[in-house]
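Residue numbers (the UniProt record's numbering): 1 to 476.
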């Protein structure tokens, strides 16, 4: 296939330019109906590309995408990887089915379990005591879990994590396939992997049966652009499409489809060179930061840590804790002092998600700001930092299936200790739930979340944003 082709962009151009007098949706009529206030921010040219497209263009572009990544099939979604994950989970399991799930998964996987009625068998992640972050479970951990629960119907992993660390997908796929089990990988942060020969390895190439990628995170897609990739012969692409049809919009955005089409062309033709340039920039910035006193960066040595089979060097983790400040306050300081926004912050660090589109001047400005921060740090944070509970206390008991708890009669509890959660509580980013529906809440996790909230942790999905109360199962 000709990877320079852009069937969706061609269809948008043709429909926009052929002079149709439309009396069908969308109602803005190629942007003519948009007022000047809106057009000052959202150009009319963008509305001109907001068309109902010829249906044949999308399958053609999906075929090009699948070929570019060596997948059996590719299915585009304009509702984000959240909907793609829901679709993938529904493809794998039904009501009452057990599924082995990485406990470090994004909240969208948990939502998929609630929708599907699946019963999770949780797989504890590898814990990095030095850096105080979680990495994927190891192959041996997956093997042991499969031995303990031979009734599981599928395996779900998240790799890479938002910190850039990746699992041994090939090894885990081998284990899964030996039992006839499909492997789903939430690869939202790895949309660029398949366009470069060096590791990290794209999940489908490593043997995964389903992989979900966000194309706006490290790539050139617009927000909500996503792709479901299918590999091997355990998953029927028709089944995936039927389940996506249940979950997705019936008015998909041509702008999103077009951004996927164009980005695939760009990276199929020039992705290796663009990623190489980004890797050189990342290495340069990491080296400069490493020379700053009291600043610590994660580098290739992370490969020696349990659970880290692969690592994405475009994730730049900058630990500022030795300065006496939290990552939360450093994030705010960087934005206030230099108008620099980072991907995430936590109690110890800020994290940059670098891409092919970064420019040297912007990265120089970031390094300069970190030098300023290190030489004259703000007043140390007086708010008590959240103390991470011992790992055993983070592993809450799953008392009810997530779906059963979510749809139970509920109430708000000021003292949730000992109660069964009826909601997800997910520090964000990265959006990994600390509490899940159906888990029995303990004192350590309650205090950790409340202390984190006071220190600046963002928790957008809690029923009570203040965390003064938690939603729990009534009489549970």
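The beta-carbon is built from N, C-alpha and C at its ideal position, and this holds for glycine as well.
Just so it is clear, the structure is predicted and the values come from calculations on it, not from any experiment.
I think residue i touches residue j, with their Cβ atoms under 8 Å apart; what is that distance to the nearest whole Å?
| i | j | result |
| --- | --- | --- |
| residue 449 | residue 434 | 6 Å |
| residue 358 | residue 286 | About 13 Å separates the two Cβ atoms, so there is no contact after all. |
| residue 219 | residue 191 | 5 Å |
| residue 388 | residue 213 | The Cβ separation is near 30 Å, so there is no contact. |
| residue 58 | residue 16 | Wrong, their Cβ atoms sit about 17 Å apart, outside the cutoff. |
| residue 477 | residue 474 | Look at the range of the chain in this structure, 1 to 476, and you will see that residue 477 is not part of it. |
| residue 79 | residue 250 | Not really, about 11 Å apart at Cβ, beyond 8 Å. |
| residue 526 | residue 274 | The requested residue 526 does not occur in the structure, where the chain is confined to residues 1 to 476. |
| residue 122 | residue 393 | Residue 122 to residue 393, Cβ: 15 Å. No contact. |
| residue 428 | residue 460 | 5 Å |
| residue 61 | residue 260 | 7 Å |
| residue 222 | residue 49 | Not really, about 11 Å apart at Cβ, beyond 8 Å. |
| residue 105 | residue 432 | 7 Å |
| residue 22 | residue 29 | 6 Å |
| residue 53 | residue 11 | 5 Å |
| residue 305 | residue 128 | 5 Å |
| residue 454 | residue 423 | About 20 Å; that fails the 8 Å criterion. |
Please determine, among the options, the residue with the shortest C-alpha to C-alpha distance to residue i.
| i | options | result |
| --- | --- | --- |
| residue 158 | 168, 149, 152 | 168 |
| residue 107 | 95, 129, 82 | 82 |
| residue 237 | 74, 459, 61 | 74 |
| residue 269 | 279, 69, 48 | 69 |
| residue 463 | 367, 425, 369 | 425 |
| residue 94 | 407, 194, 239, 60 | 239 |
| residue 208 | 232, 144, 297 | 232 |
| residue 319 | 345, 313, 114, 420 | 345 |
| residue 439 | 175, 396, 413 | 396 |
| residue 172 | 136, 370, 164, 195 | 136 |
| residue 352 | 375, 24, 144, 314 | 314 |
| residue 199 | 30, 312, 247 | 312 |
| residue 185 | 166, 179, 178 | 166 |
| residue 296 | 125, 360, 348, 206 | 348 |
| residue 303 | 405, 413, 164 | 164 |
| residue 436 | 147, 148, 405 | 405 |
| residue 479 | 471, 110, 331 | Because the chain spans 1 through 476 in this model, residue 479 falls outside it and cannot be assessed. |
| residue 419 | 407, 442, 242 | 442 |
| residue 178 | 61, 29, 147 | 147 |
| residue 367 | 283, 14, 187, 266 | 283 |
| residue 86 | 301, 292, 244, 266 | 244 |
| residue 96 | 401, 127, 182 | 401 |
| residue 143 | 174, 162, 127, 160 | 174 |
| residue 540 | 341, 333, 364 | What is shown of the chain runs 1 to 476, which leaves residue 540 out entirely. |
| residue 176 | 193, 206, 71 | 206 |
| residue 360 | 189, 279, 445 | 279 |
| residue 262 | 134, 19, 64, 45 | 64 |
| residue 267 | 298, 307, 194, 363 | 194 |
Rounded to the nearest angstrom, what separates residue i and residue j at their Cα positions?
| i | j | result |
| --- | --- | --- |
| residue 409 | residue 416 | 15 Å |
| residue 41 | residue 452 | 36 Å |
| residue 328 | residue 373 | 14 Å |
| residue 215 | residue 339 | 25 Å |
| residue 76 | residue 323 | 45 Å |
| residue 390 | residue 458 | 22 Å |
| residue 413 | residue 6 | 54 Å |
| residue 337 | residue 39 | 31 Å |
| residue 326 | residue 310 | 27 Å |
| residue 380 | residue 370 | 16 Å |
| residue 88 | residue 228 | 8 Å |
| residue 27 | residue 230 | 36 Å |
| residue 124 | residue 130 | 18 Å |
| residue 277 | residue 103 | 34 Å |
| residue 196 | residue 202 | 9 Å |
| residue 31 | residue 138 | 52 Å |
| residue 411 | residue 421 | 10 Å |
| residue 343 | residue 350 | 8 Å |
| residue 355 | residue 476 | 46 Å |
| residue 264 | residue 301 | 32 Å |
| residue 1 | residue 66 | 11 Å |
| residue 241 | residue 235 | 11 Å |
| residue 335 | residue 341 | 6 Å |
| residue 126 | residue 149 | 19 Å |
| residue 291 | residue 253 | 46 Å |
Can residue i be considered in contact with the ligand GDP, in the sense that its beta carbon sits closer than 8 Å to one or more heavy atoms?
| i | result |
| --- | --- |
| residue 239 | Looking for the ligand GDP in the displayed structure turns up nothing, as the structure carries no ligands at all. |
**Request:** Write down every uninterrupted run of the alpha helix (DSSP H) in the UniProt domain "Orn/Lys/Arg decarboxylase C-terminal" (399 to 460) whose length is 4 residues or greater and which is fully enclosed by it, in chain order.
**Result:** Whole alpha helix (DSSP H) segments, 4+ residues: 402 to 406, 443 to 455.
**Message:** Is it the case that the segment 99 to 119 contacts the segment 147 to 164, given that we only count it when at least three CB pairs across the two stretches are under 8 Å?
**Reply:** Yes, since at least three Cβ pairs between the segment 147 to 164 and the segment 99 to 119 fall closer than 8 Å, the two stretches touch.
**Request:** Only counting runs of 3 or more residues, tell me where the beta strand (DSSP E) segments fall wholly within the segment 227 to 303, in order along the chain.
**Result:** Complete beta strand (DSSP E) runs here, min 3: none at all.
**Asked** Where in the segment 170 to 213 do unbroken runs of the beta strand (DSSP E), each at least 3 residues long, occur, reported from the N-terminal end onward?
**Response** Whole beta strand (DSSP E) segments, 3+ residues: 183 to 186.
**Asked** Can you list the alpha helix (DSSP H) stretches of 4 or more residues lying completely in the segment 46 to 70, in chain order?
**Response** As far as the segment 46 to 70 is concerned, its whole alpha helix (DSSP H) runs of at least 4 residues are 57 to 69.
**Request:** Output the residue ranges of the alpha helix (DSSP H) runs that lie fully inside the segment 77 to 154 and measure 4 residues or longer, sorted by chain position.
**Result:** If we require 4 residues or more, the alpha helix (DSSP H) runs fully inside the segment 77 to 154 come out as 80 to 92, 107 to 116, 139 to 148.
**Item:** alpha helix (DSSP H) segments (min. 4 residues) lying fully within the segment 295 to 356
**Value:** Within the segment 295 to 356, the runs of alpha helix (DSSP H) at least 4 residues long that lie entirely inside it are, in chain order, 327 to 338.
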